[in-house]
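Colleague: In the numbering used here, the protein residues as written are 1098 to 1362.
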Ligand code: NAI
Ligand code: 15L
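1. Please classify residue 1129: does DSSP put it in a helix, a strand, or coil?
2. Which runs of the alpha helix (DSSP H), 4 residues or longer, sit entirely within the segment 1150-1224?
3. Ordered along the chain, which non-local residues of its own chain (more than five positions away) have a Cβ less than 6 Å from that of residue 1356?
4. At a threshold of 6 Å, does residue 1151 count as lining the ligand 15L (C-beta to nearest heavy atom)?
5. Drop a sphere of 10 angstroms on the beta-carbon of residue 1358, count the other beta-carbons inside from all chains shown, and report buried for 16 or more, exposed for fewer.
6. Inspect the beta-carbon positions of residue 1163 and residue 1206 and report whether they are closer than 7 Å.
7. Does any heavy atom of the ligand 15L sit closer than 6 Å to the C-beta of residue 1208?
8. In the DSSP assignment, what are the bridge partners of residue 1260?
9. Tell me where the alpha helix (DSSP H) around residue 1115 begins and ends.
10. Do residue 1085 and residue 1268 have their C-beta atoms within less than 7 Å of each other?
11. Is any heavy atom in the ligand 15L found nearer than 6 Å to the beta carbon of residue 1342?
12. Consult DSSP for residue 1297 and reduce its assignment to one of helix, strand or coil.
13. Would you kindly check if the distance between the Cβ of residue 1272 and the Cβ of residue 1308 is under 7 Å?
14. Helix, strand or coil, according to DSSP, for residue 1343 in the structure here?
15. I need the DSSP call for residue 1144, collapsed to helix, strand or coil.
16. Count the other CB atoms, across all protein chains shown, that sit within 10 Å of the CB of residue 1322; report buried if there are 16 or more and exposed otherwise.
17. Decide yes or no for the touch test of the segment 1279-1294 against the segment 1336-1350: beta carbon pairs closer than 8 Å, at least 3 of them.
18. Leaving out five residues on either side along the sequence, give the residues of the same chain with a beta carbon under 6 Å from the beta carbon of residue 1181.
19. For residue 1348, count neighbouring Cβ atoms within 10 angstroms of its own Cβ and tell me buried if that reaches 16, exposed if not.
20. Comparing the CB of residue 1234 with every heavy atom of the ligand 15L, is any distance shorter than 6 Å?
21. Thinking C-beta only, is residue 1161 closer than 7 Å to residue 1099?
22. So, for residue 1186: in the same chain, excluding its five sequence neighbours on each side, which residues have a beta-carbon less than 6 Å away from its beta-carbon?
23. Consider the C-beta atom of residue 1276 and the heavy atoms of the ligand 15L; say whether any pair is separated by less than 6 Å.
24. Since residue 1255 sits in a beta bridge, which residues does DSSP pair it with?
25. Would residue 1133 and residue 1142 qualify as a contact pair, given that the criterion is a beta-carbon distance under 7 Å?
26. I'd like the span of the beta strand (DSSP E) that includes residue 1101, first residue to last.
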């Protein structure tokens, strides 16, 4: 690609992936509402609130790929979720439509299906079962992307990320973890594929105890290499295994299934 846009670049995942993007594009446009630090030679820094339609319009201009990580990433007040994840996503897709439909990788979430139990194996045909307003906003994002694909041919990879971090932080994440290396390889597959379409892809490493079946997306050639199992002994030593009826062990969405609906001020 000539210019790849990354939103949410100041966040946990954005910060981890940012330096790796140099190999995917000649220029990387790096964006967030939070401080982005200094620009590397191949980077352009653009501060932008995703809820601001005209700012997002300018942000997307000239980009031929978008790694969309920006937004509210946990359960929060609905007003905050609406701005970043609902209005923000609409702004992004309208901007993409106006600027040649760059391919998009949308960071969706396992919280679209958080109320499936951990003893269930599911694939992308399973109906959504979001576990909070955050999860609902990701369901909206997936539906919006699908509509832009059907109506206008806009291609998006809807990546339902499990837990993408340096290593799993609890026993649930032995199932949901995706390594940074595996995500990096997925980004390459998504943006290099001759034909993408609008697939849902489970963003998970090759964990022995994973719950999600990605066989429908084999055409992308993504073969995750990491396996969270190597962290099991470390986790067993660091913390007790949750009891079978605790949310962390019961539902795929773990603790998110217990979050309240947060009150507005
Ligand atoms: P994060 O919360 O650390 O980063 C999100 C970034 O989005 C922040 O830097 C924040 O400033 C920015 N942001 C929030 N509202 C914004 C707005 N109105 N305009 C512009 N930027 C805004 O989250 P993290 O962990 O880095 O996740 C990145 C994306 O991946 C999120 O969309 C999240 O929902 C998704 N995801 C992440 C998972 C993970 O394991 N890290 C799992 C599933 C989904
Ligand atoms: C998510 O969607 C969140 O953005 C992230 O912070 C993690 O909590 C992850 O899911 C998870 O389920 O572990």
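Glycine included, each C-beta is placed from N, C-alpha and C at the ideal position. This structure is a prediction, so every number in the text was calculated from the model and none was measured.
Modeller: From the atom records:
1. strand
2. 1150-1157, 1175-1178, 1185-1195
3. Counting only Cβ-Cβ distances below 6 Å, and skipping sequence neighbours, we find 1172, 1229.
4. no
5. exposed
6. no
7. yes
8. DSSP, once it has assigned bridges, lists 1274 as partnering residue 1260.
9. Start and end: 1109-1115.
10. In the structure displayed, the chain extends from 1098 to 1362; residue 1085 sits before or after that span and is not available.
11. no
12. strand
13. yes
14. coil
15. strand
16. Result: exposed.
17. no
18. 1147, 1168, 1169
19. buried
20. no
21. Taking C-beta atoms as the reference points, residue 1099 and residue 1161 count as a pair closer than 7 Å.
22. 1238, 1241
23. No, the beta carbon of residue 1276 sits no closer than 6 Å to any heavy atom of the ligand 15L.
24. 1203, 1297
25. Taking 7 Å as the Cβ cut-off, residue 1133 and residue 1142 qualify as a contacting pair.
26. 1100-1104
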